[in-house]
Amino acid sequence: MNLQDLKNKEPEDLLKQADTLNIENPSSLRKQDLMFSILKKIAQDGETITGIGVIEIMQDGFGFLRSPESNYLPGPDDIYISPSQIKKFSLRTGDSVEGEIRAPKQGERYFALIKVNNINNQNPDLVKNRINFEDLTPLYPESRFKLEQEKPTPDFTERIIDIIAPLGKGQRQLIVAQPFTGKTIIMQKIANAITTNSPETKLIVLLIDERPEEVTDMARSVKGEVISSTFDEPASRHVQVAEMVIEKAK
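So, in structure tokens, the structure goes:
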């Protein structure tokens, strides 16, 4: 059983599976709590479960695999990683980790990682001696993202950006404009152009202090990972999400 497959299921399918596993009152549980109950029941039956997430290392040395689906918010489906595993594999906040997990024992609240299969889609042994991002040598970009696309209906936005302000790989770009002038639409066009013309690129869109409906629109319009902390979240939450995303990008 893969934890990600369970997260991709609709609530109706989760309820049917919970009924099959004889879980009490599944309709009264939130989706995350329902997934937790299903996984715990499956693990008790002896089936192997694999999970994946982005690690956040706490001050006490242990860590948790957070889920992008919940915008890296702490939740019952988080996976605990021991300090010994973090030290053994030289894990850092922002690493994507996949491995086998076990059900929580008596007195425990979270699933625990018992075997690491890969880190950032690589063999765990290959990432032990990697260089810190801060120690890398900054260089001028050697290639760029081509944004112009072949479309039935011409759209000159991407072509104008290619001509006036081409986006080099590794560069930063800033869009400066008044409110309600179409910044979000331009961002969507840039994101879709990158995923279309450079499919090997891993795209992450971070939305801070936006309205929930704008987050939904971005998630439906962009072929990539959309992480958000909406305007009703506290400033500390904005900082936490931003730090997780930048560490993952590194």
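Quick note on the working numbering: the sequence shown kicks off at 873 and runs consecutively.
Note that beta-carbon positions come from the ideal geometry of N, C-alpha and C, so glycine has one too.
Note that the structure is a prediction, hence the values are computed from the model and not measured.
Exercise for the section: State buried or exposed for valine 1111, treating a residue as buried only when at least 16 other CB atoms are found within 10 Å of its CB. Expected result: exposed
Problem - glutamate 1082 versus alanine 1091: straight-line alpha-carbon distance, rounded - result: 13 Å
Handout entry: Complete beta strand (DSSP E) runs within the region 895-953 (minimum length 3 residues, chain order)
Key = 921-929, 935-938, 951-953
Practice task
Counting only the same chain and skipping the five closest in sequence on each side, list residues whose C-beta sits under 7 Å from that of lysine 1000.
Solution key: Phe961, Ser962
Problem - Nearest neighbour of isoleucine 958, chosen from Gln876, Leu875, Ala984 [CA to CA] - result: Ala984
Handout entry: Buried versus exposed call for asparagine 943 [16 or more other C-beta atoms within 10 Å across all chains shown]
Key = buried
Handout entry: proline 1013 vs glycine 1040 beta-carbon contact at 8 Å
Key = The answer is yes: Cβ separation under 8 Å.
Problem - Contact set for glutamate 1115: own chain, Cβ-Cβ below 8 Å, skip 5 residues either direction - result: Thr965
Exercise for the section: Counting only the same chain and skipping the five closest in sequence on each side, list residues whose C-beta sits under 6 Å from that of glycine 933. Expected result: Pro955
Practice task
On the DSSP bridge assignment, give the partners of leucine 886 in chain order.
Solution key: Under the DSSP definition of a beta bridge, leucine 886 lacks any partner.
Practice task
Give the DSSP bridge partners of serine 1100, in chain order.
Solution key: As computed with DSSP, serine 1100 is found in a beta bridge with Leu1079.
Exercise for the section: May I ask you to report which of helix, strand or coil DSSP gives alanine 1049? Expected result: coil
Problem - Reference isoleucine 986, options Thr1029, Ile951, Asp1027, closest by Cα - result: Ile951
Practice task
Identify, in the order they occur along the chain, each residue of the same chain with its Cβ nearer than 8 Å to the Cβ of phenylalanine 1005, setting aside the five sequence neighbours on each side.
Solution key: Here the set comprises Lys1122.
Handout entry: According to DSSP, residues forming a beta bridge with phenylalanine 1028
Key = Note: phenylalanine 1028 sits in no beta bridge, so no partner.
Problem - Pick from Leu1011, Leu1008, Pro1010, Ile1036 that is closest to glutamate 1020, judged by C-alpha positions - result: Ile1036
Practice task
Within 10 angstroms of the Cβ of isoleucine 1066, are there 16 or more other Cβ atoms? Answer buried if so, exposed if not.
Solution key: Burial of isoleucine 1066 is indicated by the presence of at least 16 other C-beta atoms within 10 angstroms of its C-beta.
Exercise for the section: Would you mind working out which of Leu893, Arg902, Arg1016 sits nearest glutamine 916, comparing C-alpha positions? Expected result: Leu893
Handout entry: Cβ pair proline 886, leucine 906 closer than 8 Å
Key = Correcting the residue type first, residue 886 is leucine in the shown sequence and not proline. Yes, they are a contact pair.
Handout entry: Beta-carbon proximity of leucine 937 to isoleucine 953, cut-off 8 Å
Key = yes
Handout entry: Enclosing beta strand (DSSP E) for alanine 984 [first to last residue]
Key = 983-991
Exercise for the section: Within its chain, find whatever has a CB closer than 8 Å to the CB of lysine 879; leave out the 5 residues flanking it on each side and keep chain order. Expected result: Same-chain partners within the cutoff: Met907, Ser939, Glu941, Asp949.
Handout entry: CB contact flag (glutamate 1030, lysine 1061, <8 Å)
Key = yes
Exercise for the section: Assign glycine 935 to buried or exposed, taking buried as 16 or more other Cβ atoms, counted over all protein chains shown, within 10 Å of its Cβ. Expected result: Glycine 935 should be labelled buried.
Exercise for the section: Please classify isoleucine 1062: does DSSP put it in a helix, a strand, or coil? Expected result: When DSSP states are grouped into helix, strand and coil, isoleucine 1062 belongs to the helix group.
Handout entry: Limits of the unbroken alpha helix (DSSP H) element including arginine 1109
Key = 1107-1121
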